[in-house]
Structures are given as structure tokens and as C-alpha cells.
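If you count by the working numbering, then the sequence shown holds residues 105 to 506, one letter each, in order.
Don't be surprised by glycine CBs; every beta carbon is placed ideally from N, CA and C.
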Amino acid sequence: STANNEFARTIQLHLDSKERREARPAERAVPSMRRFPMSDAMPILSIHQRLETSGARTATPFMLGDELWLGVPQLAVDLPGTPAHMNGGDSDVDTLLYKWTGGRFVLSERLPSHGGEDIESFCIGDTQFLAVANLREGAGPYEPNVESVIYRRTGARWEPFQSIGTFAAKQWRHFKIGEHNFLALAQGLTLPHLTPVNPRYSCIFEWNGESFALFQTLDGMWGYDFTCFEIGEDHFLAYADHTSESLIYRWDGEQFVRFQMIAEKSGRTFHHFRRDAADYLAFASIDGVSKLYRWNGDSFSVHQELEGPGGREFAMLECGEDLYLVRINFIEGTPSAPKTDLMSQIYRWEAGKLALVESFPTSGGTDAHFFSADGEKFLVVSNSLTADVRFRTDTIVYRVNL
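Shown next as C-alpha cells:
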């Protein structure tokens, strides 16, 4: 399984400290940071590095041997002389691969992509793969029937290994259950002017020893995210969808069966964690409040509401006895008139609930991951849209001051 799945999306890496001291850039405070309750303490986040990205849809750290890398798929670049629109631009833009060098990320490789939405790193045996989800190609009109590519590391190169016809792909998620290596694909759109040629439903592939073969097709038609987790001896797969139901599936030993419906629409992601001998599942909604669910022994019930719309992604960090959850907010409003300059939140687990301790600005925020390098903790946040709805906005690496 992927390194970030194994360590709850926190990658541990210890690089040469002397090199870090020689090359580390100066720290800058994050503007508009707010702490709750207000205090004179240093903010939890301070800017460490800015990466020049365009419509970044995720920023995923992964390990390649003993090296730390960062994959950033980009949806689009701005087209001069065209009106601003969050679904506009030129989709034929590379996925960027950065290598941690001298205390910062350095752009080192590129993968050709078409409306890049996601990148997933995982290993099967001694072979390492990168799966890239492509949403669309072209500069308008757009074609959502595209190939999403799985790359294999061969020597010092990423080589195309398998192409899968997808329809507006948004996420790959690799996970293992026993001897099964699964690769789930969240995809689809339900817009009347778009015709699916490739399979349109979200689905699950399985490694057959030579390639990934279709294992099971689900009902979701505008999928965003899969999250696999265990409670006791049971394996669950949570699936978030925009226009179809966001569901939890349970593995029955042969297939994934419907277990519990969480929301009828507007789902973006799930995040499972265990605290105080109980299992919790956070659910992000783009339209309405995000919620924290608690396992009651038979199903999940609402434990807490996290106020505010726009929820897109979660990231979690355990620091000593403390647990922190970051919620990244994407937009408010509609695609034709979005508000992109929002505040995203940092919560700390206190007395059995998530307490808001800090907010920080994001600009069409899409993803976040904690990682460790050079003996320090960092949070990387991908931003995708400026306040005037242009794609060229920085992905930001923050130092975590805890």
C-alpha cells in the first residue's frame, strides 16, 4: 500500500540535517492567520515555500526509495483573452513531480496529462506505480472521455504501464485487503451535453498479476473520493459523490456491498480515525455543513457538525498526545460565480470533539497532506483558483509549528 496510507498520510523522512541548515529558505508568517481563542502564540502554520502551479488539484507526497517526492496534477492553464471560468482554460498541462532537495521541493520531472485531477503512488511487491487521473482534454470544447495512465518506475524513469479509458476521472485510490490489491477509480459527470463513451460509473480494479482488471462497478455517477478503513475485523470503503449518494461499502469476502448511506449529494471526501477507543469518520460536503460521525457498534451516527460550506478535503496529524484535523475549503457559490478566497480550518481534538484552533487562507483549495522531513513537520496545500477565478495560483508548503 502507499506510504501515505500506511502512515495516515504522514510521511516520515530524515534527510541530512547539515544540508538542511545550509539551504533552508527563510520562514514567512502567513497573512490573515487567525487563532481561536485569540492569543499571542506563534501561528501553527508559517509559509516555508511557494510552488508555481496552475489549477493544482492535489499535492501528494510520496516516497521513492529513501527520497521524498511531491506529485501535483494541474487542471488547466489560463488562456489569454478568454473570460475567467473555473471550468475553462487549456487542459493539456503536465503533472509536476518535485523532489525534496536541500530543504525544499525542486521541480524534477513532468508527466504529460490532460486536466490532471489526482496522483496515487503505491507499490506491488518491489514495483512502484504512479496512477494519474485525467479529467478532460482540450481547450474548449472539452472532451471528458480520456485515458488515465498508470506509470511504472523503471530504472530512473516513469514509463507508461497501463492506460484506462475514463470519463472525467477524479481520483485513484490503492488499498489492500488480504492478498487483494485494489485500485479504485472515482469518476463521472452528469451534465446533459456530455456523452460518455468510456465507462461512466465509479469502479474498482484489481491487480491480476500482470495488470489491473475491472473488479466491480458501483452506482456513483460523479465520484470524487474513496477511503478504505478497518473497524475490528471488518473492511469498509467510503465513497463520496457529488450527484449520487455518498456511501459506505463493506467487504463481504467476495465484493463490496452497500452498508450505509451518508449523504444524498454534494460529497467530497471521507477521513477515518480512531481516538479515545472509538472510531470516527469525517465527511466533507461542498454544499452544506461537513460532519463528524461516530461508530456506535452497528453503524455511524452524527457526532458533530463542522460549520460552513465548501468542504473539499481533510488532512490529519498526531503530534504527541494531540490530534489535529485540517479541513480544506474549495469554493462557495456556483461554478459560474464562485467565491474562491476562503478560510480553511485547523481543529484540535478536545474533550471528545473537534475544536477550532486556527484558520488560514486558501484560494480554491483542493487538497492537503502532512509530511515530515529534516526532523520537522510540514503541511502542503494545493490551491487551484485565484480570487478573480484564474488558474495560476501557488501551492504552498507550510512549516508546522507544534
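- Boundaries of the beta strand (DSSP E) around residue 463: 457-467.
- For the region 314-367, the continuous beta strand (DSSP E) assignments of 3+ residues that do not extend past its boundaries occur at 316-321, 327-335, 338-345, 350-355 and 360-367, in sequence order.
- Annotation for residue 391: 369, 370 and 413 place their beta carbon closer than 8 Å to its own, counting only its chain and skipping 5 residues before and after.
- The Cβ atoms of residue 234 and residue 273 lie no closer than 8 Å to each other.
- Annotation for residue 427: the continuous beta strand (DSSP E) segment containing it runs 426-433.
- In this structure, the alpha-carbon of residue 145 lies about 33 Å from that of residue 158.
- No alpha helix (DSSP H) of 4 residues or more sits fully in the region 370-444.
- By a beta-carbon distance limit of 8 Å, residue 393 contacts residue 409. Their separation comes to about 5 Å.
- For the 8 Å CB-CB criterion, residue 301 and residue 499 do not form a contact.
- Separation of the CB atoms of residue 266 and residue 222 is rounded to 16 Å, and the pair is thereby denied contact status at 8 Å.
- For residue 379 and residue 355, the gap between their C-alpha atoms comes out near 23 Å.
- Here residue 345 is buried. Its C-beta has 16 or more other C-beta atoms within 10 Å.
- Across the structure, residue 284 and residue 488 are spaced so that their CA atoms are roughly 35 Å apart.
- The region 311-323 makes no contact with the region 255-262; the number of CB pairs closer than 8 Å stays below 3.
- Where residue 159 is concerned, there is no enclosing beta strand (DSSP E), because DSSP gives it neither an H nor an E.
- According to the DSSP assignment, residue 505 belongs to no beta strand (DSSP E), since it is labelled neither H nor E.
- By the beta-carbon neighbour count (other beta carbons within 10 angstroms, threshold 16), residue 236 is buried.
- Judged by their CB atoms, residue 434 and residue 490 are not nearer to each other than the 8 Å cut-off.
- In the pairwise beta carbon analysis, the region 435-445 is classified as not touching the region 418-426: fewer than three pairs are separated by under 8 Å.
- In the same chain as residue 298, and ignoring 5 residues on each side of it, the C-beta atoms closer than 7 Å to its own belong to 248, in chain order.
- The Cβ atoms of residue 330 and residue 288 sit closer than 8 Å to each other.
- Taking a 10 Å sphere around the C-beta of residue 457, we find fewer than 16 other C-beta atoms and assign the residue as exposed.
- Beta-carbon to beta-carbon, residue 325 and residue 292 are separated by about 5 Å, close enough to satisfy the 8 Å threshold.
- Contact annotation: residue 430 and residue 472 have beta-carbon atoms nearer than 8 Å.
- A buried status is given to residue 484, since no fewer than 16 other beta-carbon atoms sit within 10 Å of its beta-carbon.
- Distance from the Cα of residue 377 is smallest, within the candidate group 480, 396, 196 and 448, for 396.
- By alpha-carbon distance to residue 196, the top candidate from 241, 339, 213 and 364 is 241.
- Here the C-alpha atom of residue 153 lies approximately 42 Å from the C-alpha atom of residue 403.
- For residue 264, the uninterrupted beta strand (DSSP E) run begins and ends at 261-271, by DSSP.
- Rounded to whole angstroms, the gap between the alpha carbons of residue 496 and residue 400 is 45 Å.
- Apart from sequence neighbours up to five positions away, the residues of its chain that approach residue 210 with a beta-carbon distance below 7 Å are 202 and 203, ordered along the chain.
- In the structure shown, residue 146 adopts coil according to DSSP, grouped into three states.
- Comparing alpha-carbon positions, the option among 450, 467, 460 and 452 lying closest to residue 436 turns out to be 467.
- Here the C-alpha atom of residue 341 lies approximately 11 Å from the C-alpha atom of residue 335.
- Looking at 217, 423, 364 and 455, the one whose alpha-carbon comes closest to that of residue 405 is 364.
- In the three-state reduction of the DSSP assignment, residue 165 falls in the strand class, which pools E and B.
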